[in-house]
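In terms of the working numbering, the sequence shown opens at residue -16 and continues consecutively.
Glycine included, C-beta positions come from ideal geometry on N, C-alpha and C.
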Amino acid sequence: MIIVGLTGGIGSGKTTVAKQFLALGIPVYIADEEAKKLMHKSKVIKRKLIQLFGNKAYVNGELNKSFIANIIFNDSSYLKKMNAIIHPRVARHFEKWTLKQVAPYVIKEVAILFENGGNKQCDYVITVIAPFELRIERLLKRDHTTRNKLNAIIKNQWSDDDKIKLSDFVIDNTTLESTKKQVVKVHEEILKKCI
-16 MIIVGLTGGI
-6 GSGKTTVAKQ
4 FLALGIPVYI
14 ADEEAKKLMH
24 KSKVIKRKLI
34 QLFGNKAYVN
44 GELNKSFIAN
54 IIFNDSSYLK
64 KMNAIIHPRV
74 ARHFEKWTLK
84 QVAPYVIKEV
94 AILFENGGNK
104 QCDYVITVIA
114 PFELRIERLL
124 KRDHTTRNKL
134 NAIIKNQWSD
144 DDKIKLSDFV
154 IDNTTLESTK
164 KQVVKVHEEI
174 LKKCI
């Protein structure tokens, strides 16, 4: 099974691109969504996050996102510690998921694919890019957050230039029509490599 990593900075439109691959019949694994599910379902992850962040990490069995986000925002070392708990379990979950798929290749969408070394487990990598101000505009609408918080998140991610250097394909997600054409072209190129 060929594994294609899909990444890009926050607000670049990874999910939009992922949905277009899905529409072409390619199975897509959204690592962030699966991580969220595991943070609610896995007793081991819950226990370790409570050890890391304290009893307020979960309220009524639900992950206390704002509490955890505030701690991470003030001390980024907690993000690394949290990722060390979650990422290995997501990786195992992805391996099991991949075994159930019937397709020439699968897409694994991961926001911090390069930052966590996940690109090494991929046969090919697609990086989604978009102009910085467009990304900020999208995020302000989507997340109802502040520019300062977005800048803090962006600082923790690699630059587009660094990602592009290590990518096999780049999709510029500025307009939907153009993005769709690029996805079809990349899909056709990957299919050729699957033969």
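Spatial neighbours of VAL73 within its chain, please: CB distance less than 7 Å, with the 5 preceding and 5 following residues excluded, ordered by chain position. ALA14, GLU17, ALA18 and LEU21
Closest Cα partner of THR81 within the set ILE(-14), CYS177 and ILE178: ILE(-14)
For LYS146 and SER161, I'd like the C-alpha separation in whole angstroms. 21 Å
Which residue comes first and which comes last in the alpha helix (DSSP H) that contains PHE152? Segment 152 to 155 is the beta strand (DSSP E) holding PHE152; no alpha helix (DSSP H) there.
For a minimum of 4 consecutive residues, which ranges assigned as the alpha helix (DSSP H) are wholly contained in the region 28 to 101? 48 to 57 and 60 to 82
Within this structure, are the beta carbons of ARG118 and GLY8 separated by less than 7 Å? no
From the DSSP output, in three-state form, read off THR237 for me. This structure leaves residue 237 out entirely; the chain is present only between -16 and 178.
GLY(-9) to LEU62, Cα distance in whole Å? 19 Å
Measuring only the C-alpha atoms, how far is ARG130 from TRP141? 18 Å
Would you call the region 94 to 106 in contact with the region 39 to 50, where contact means no fewer than 3 C-beta pairs closer than 8 Å? no
What does ILE(-15) pair with, by DSSP beta-bridge criteria? TYR88
Ignore the nearest five residues each way along the sequence and tell me which others in LEU5's own chain have a CB closer than 6 Å to its CB. VAL11
C-beta contact flag for ILE137 and LEU(-11) at 7 Å: no
Quick check: the Cα distance between HIS127 and ALA52, rounded to an integer number of angstroms? 15 Å
What first and last residue would you give for the alpha helix (DSSP H) that runs through ILE147? 143 to 148
If you count every other CB in all the chains shown that lies within 10 Å of the CB of LEU96, and 16 or more means buried, which is it? buried
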